[in-house]
Structures are given as structure tokens and as C-alpha cells.
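I have placed the structure first, in the form of C-alpha cells, so that the comments after it can refer back to it.
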Amino acid sequence: MNKMQRALRELSEMDELAARKSPVHALHPAAKLLTTIVYILVTLSFDKYDLSGLVPMVLWPALIFQLSDIRMRTCFYKLRIVMPLVMMVGVFNPFFDRETMLTVGSVAVSRGVVSMISLMLKGVFCLMASFLLVATTKIDELCAALRQLHLPSVLVTLFLLTYRYVGVMTEELAVMTDAYHLRAPRQKGIQVSAWGSFLGQLLLRSMDRAQELYSSMLLRGYHRHFHYADIKKFRLADGAYILMCVLSFLVLRYLNVAEFIGGLVVR
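For what it's worth, numbering that gives the first Met the number 0 labels the leading residue of the sequence shown as 0, then goes sequentially.
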């Protein structure tokens, strides 16, 4: 199995995760979308030096992982390429902000180190929340929820077709890669001299496939209005979920839970 086939398999695994049955999967897509947006906004609103206040924000994704029956290691594995890039944000802070902020034993910790860790955690928490949204909501239902929130249909359709077309292009890329290796079995990877023709062929295949897909959509009745998934009505439980989550986020934002618990323990 080559890299393209593994990537295609991971895409199908995400669809399989979204098709599972759990209390989180049963929630209205708009409720999960709004909750995720609020969580990300609250997480990003923490000051870069407020590390103790930020850490308890991990409680919400940890709880959702348990309720949705999705392993946390699955999240980190799926995001293994993106997560290191996100964690690079603020990596140079310790070199520019060297003022001592606190002391752990005999080790002085600078403000730059604290801000670096804080920025890394923000990125990780936001990625975890985004992964949970995609892993517990089918893409068709998510697009339907976006339309219910009055997002322009052009953007929603573009998002849906792009998501679907990634799988199609991955299949084309896998076929081309296999064909190349059959013609050059002793080569490791694709030679630099062949990159131009390879990308050109991919572009031509992409244009042909896009035309075929568009023609198929027209034959099935597409006239600038895409039919998204039929999702169930917004229930009282969905509203209660949003309310409880938002209130929890606000409590974690304005009450330093770590310091509060620490103060109780010290007493």
C-alpha cells in the first residue's frame, strides 16, 4: 500500500468515525458546530501568560472523546502532520522574552517559555475540537447545518465538493504513482526531472475528471442549488447542550479552576 492509498484509507476512516452511534453523534450538527466555534474562541482569548487558566480547557475535548467513544490517540495520529506545524508557533518566544516569570525549585522559567507552552496548548486544543467536530458529524450534515446558519450556498457547496474531490484526486494520484513505479521499479520515489510532466498529467486528469463530475451533476438535476442531507429538527436537548457547554467555557475562562482547586488543597 503506497502513501496515496494510505491517505485515501484515512479519509474513508474519518467517514466511518462520523457514521458511528453515540450521544455526541446524535446531537444536531448545528449544535456541535456552534459549540466548537465558541470553544475555539474562548480558548484563543486566554492571555499568552495565563497557562494555569488555559490548562483546564482540555476537560471539554477529553469528555467528548469519552462520550463519542473515540480514542484520543486516534486524533493525534490523524493530526500527526498538522500538529507539529501548529506547535511551532511561538517556538522562538524563549529567545526574545527572557524575563523570569516563576521559579520551579531552583529552575527559573522565563515568560517566553510560558507563552510558548501556552500558544502550543491553544493550537493543540483547537485542533482537538475541530477533529471531534469532523469525527462526529457527517460532511453532508455539517454542510446542511452551515446552510441553516445562513452561510452562503456557494461557499458551502465549494467546501463540500472540495472535500469530496480530495478523495477522487487521491485515487488519480495513486493510479499515476503506481504506473510510474511499474515503469521504473528500481527508483525510490519520483525523480525531480519527471515532476513537471507528472504534475502536468495530474492537471489534465483533474480537468477531465472535473468536467465528468460536473456533467454527472447536471444529469442528476443540479442547477446551482445543491441538495444537502436531510437532518433532524433542532431539539431541546441540543439547546441544552449548547447552553451547558457555553456556560462551562465561560466558567473556565473567568474562574481560574487550577488556582481555585490548588487553594482548596493547600488549606
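For every residue, glycine included, the Cβ atom is placed at its ideal position computed from N, Cα and C.
When the options are compared against residue i, the one with the closest alpha-carbon
i, options, result
"E274", "A107, C125, I138, P83", "Nothing in the structure corresponds to residue 274, since the chain is present only between 0 and 266."
"V256", "L58, Y213, S205, M86", "L58"
"A128", "L203, I63, L10, L26", "I63"
"G268", "R8, R19, L7, A29", "No answer is possible for residue 268: it lies beyond the span of the chain, which begins at 0 and ends at 266."
"G9", "Y38, Y76, P184", "For the record, residue 9 in the displayed sequence is Glu; it is not Gly. It is Y76."
"E171", "L249, V191, Q200", "Q200"
"V88", "R70, L145, D68, V123", "V123"
"R19", "H180, V113, P184, I69", "I69"
"K121", "S205, L202, P55, L26", "P55"
"I260", "S105, S51, S44, L43", "S51"
"Q210", "V167, F248, A178, R252", "V167"
CA-to-CA distance, residue j to residue i, given in whole angstroms
i, j, result
"K31", "R219", "31 angstroms"
"L126", "V41", "14 angstroms"
"L242", "V23", "15 angstroms"
"M86", "I116", "9 angstroms"
"F95", "L217", "57 angstroms"
"K231", "L160", "23 angstroms"
"A236", "A134", "20 angstroms"
"W194", "S205", "16 angstroms"
"L203", "L157", "21 angstroms"
"E12", "R97", "44 angstroms"
Simplified DSSP state of residue i, which is helix, strand or coil
i, result
"M87", "coil"
"T129", "The sequence given here has Ser at residue 129, not Thr. Correct three-state label for S129: helix."
"K137", "coil"
"N255", "coil"
"I116", "helix"
"Y48", "coil"
Nearest-angstrom beta carbon gap, residue j and residue i [assumed within contact, 8 angstroms]
i, j, result
"S109", "T102", "About 11 angstroms separates the two Cβ atoms, so there is no contact after all."
"T73", "L132", "That belief does not hold up - the Cβ atoms of T73 and L132 are roughly 14 angstroms apart, past 8 angstroms."
"K187", "L118", "Wrong, their Cβ atoms sit about 37 angstroms apart, outside the cutoff."
"A6", "T169", "6 angstroms"
Residue i: first and last residue of the uninterrupted beta strand (DSSP E) it sits in
i, result
"S109", "106-109"
"M100", "99-103"
N-terminal and C-terminal residue of the alpha helix (DSSP H) that residue i is part of
i, result
"A178", "152-182"
"A29", "28-43"
"L203", "194-218"
"A61", "58-67"
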